[in-house]
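Worksheet: one structure, shown below.
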Ligand code: NI
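Numbering (this note's numbering), first residue to last: 298 to 526.
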């Protein structure tokens, strides 16, 4: 499932984060790419231990913890610290798949179930820079408003098209979900969305209320069966 999550960061947060990011020390993105990805990767990144990366990363993760759409769709267990990239002057990132296991500085290994890209530049500030994600139903092109984020399965092949005008500034990171299977996670998300709609629909109808409680029970019992921690 590919899901766009609007307004993860508010406009004021976006502009404050951008100031910090734009003043940071940018390096060649090949430094953090695997052997194969390095051949097709052409962008700049901020080193993970840079204060701006740490501060903006914390802002993003804090915002996500209170985002109901994100929490319901991702069912996150562990996060990798957000990283930051910038593309300009024709830079691009050719087709690749993200590495499956990443290691935190403390040695903890995290399986990448979901990939996240949060946009910091408005779409009209640059030409190109679409994130193209190959889905079961074909390729999907993603270029979102500043503050919006796309969530997609880390199993997907994807690429970033050349940025031919202006600069594309994004955060990207991965998470391990409590639900490893994209299919099972999508079922739980659909069920949760339907339950929320039912619960908000007819608050005084006892019959709907009982059904809603029953469905909520089914949701939690499925989660209990499938969740890995
Ligand atoms: Ni990637």
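Even glycine gets a Cβ: it sits at the ideal position worked out from N, Cα and C.
Is the CB-CB distance between residue i and residue j below 8 Å?
i	j	result
residue 354	residue 459	no
residue 456	residue 393	yes
residue 369	residue 479	no
residue 446	residue 525	no
residue 429	residue 299	no
residue 472	residue 375	yes
residue 327	residue 390	no
residue 543	residue 438	Shown here, the chain extends from 298 to 526; a query on residue 543 therefore has no answer.
residue 341	residue 413	no
residue 311	residue 364	no
In three-state terms, what does DSSP make of residue i?
i	result
residue 511	helix
residue 453	coil
residue 473	strand
residue 343	coil
residue 300	strand
residue 382	strand
residue 522	helix
residue 424	strand
Tell me which same chain residues have a C-beta within less than 7 Å of the C-beta of residue i, skipping the five on either side of it?
i	result
residue 345	378, 380
residue 527	With the chain covering 298 to 526 only, the question about residue 527 has no answer from this structure.
residue 482	372, 474, 476
For residue i, I'd like the list of residues in its chain whose CB is within less than 8 Å of its CB, leaving aside the five on either flank, ordered along the chain.
i	result
residue 463	385, 418, 422, 423, 424
residue 495	505, 508, 509, 512
residue 362	368
residue 398	406, 407, 408, 409
If you drop the 5 nearest sequence neighbours on each side, which residues of the same chain put their C-beta closer than 6 Å to that of residue i?
i	result
residue 513	492
residue 331	396
residue 255	The structure shown has nothing for residue 255, since the chain only spans 298 to 526.
Checklist line | Exercise answer, beta-carbon shell around the ligand FMN heavy atoms below 6 Å | finding: Absent from the structure shown: the ligand FMN. Ligands present: the ligand NI.
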